[in-house]
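In mature numbering (1 follows the signal peptide of the UniProt record, and there is no 0), the protein residues as written are -21 to -1, 1 to 155.
Next comes the structure, spelled out in structure tokens:
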């Protein structure tokens, strides 16, 4: 095969690999390609199962708010933070807030703070305002698990689970 005496440019881009371009003169018929991995970010682990898993392996709908997203929302209360994350919050009682997931009120939505249950099904029916008791500055991440999670969390989580992880740095005290 005879190639014309022109310059060719090849650009190869594949998902997961860095883009690579190479110029070749027409007198050579082969192009060497070097595919290098892009910078891979750490996997996000989700508390939807008993064992922490990457987000892509979790079957149910999950919303994760990182510490950076929490700070960027500039919410005054945790109820405002949930509203900013497109979670319906019933507000009443002097700015309190009660999350509603998939039509279930707060007594059917389990709220977990560092693995400790904040409410359960024996609470009164209707809206609970205990989500306001958390300070946004203390939150490291928030995971909202939509849908029934009773296989992991029991019957308290019929509407879903809101899992709050507190920052470890928030509770360190210094005594001089």
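The beta carbon of each residue, even a glycine, is placed where N, CA and C say it ideally should be.
8 Å contact criterion, which residue 80 and residue 132 should meet: CB distance rounded: Rounded to the nearest angstrom, the Cβ distance from residue 80 to residue 132 is 13 Å, too far for a contact under 8 Å.
Exposed unless 16 or more other CB atoms sit within 10 angstroms - verdict on residue 45: exposed
Beta bridge counterpart(s) of residue 90 as assigned by DSSP: 141
Simplified DSSP state of residue 37, which is helix, strand or coil: coil
Neighbour-count burial assignment, residue 57, 16 or more Cβ in a 10 Å radius: buried
Range of the contiguous beta strand (DSSP E) that encloses residue 60: No beta strand (DSSP E) holds residue 60; the alpha helix (DSSP H) holding it covers 57 to 63.
Separation of residue 87 from residue 135, as counted between CA atoms: So the alpha carbons of these two residues sit roughly 6 Å apart.
Own chain residues within Cβ distance below 6 Å of residue 67, not counting five before or after: 79
Inter-residue spacing [alpha-carbon to alpha-carbon] between residue 40 and residue 61: 16 Å
Start-to-end residues for the alpha helix (DSSP H) that takes in residue 52: 46 to 52
6 Å CB neighbourhood of residue 70 in its chain, flanking five on each side removed: Correct list, in chain order: 76.
Coarse secondary structure for residue 79, derived from DSSP in three states: strand
Beta strand (DSSP E) segment containing residue 122, residue limits: Residues 118 to 125.
Beta-carbon contacts of residue 137 that lie in its chain and below 7 Å, excluding the five residues immediately before and after: Once the five neighbours on either side are set aside, the close Cβ partners of residue 137 are 83, 87, 127, 129.
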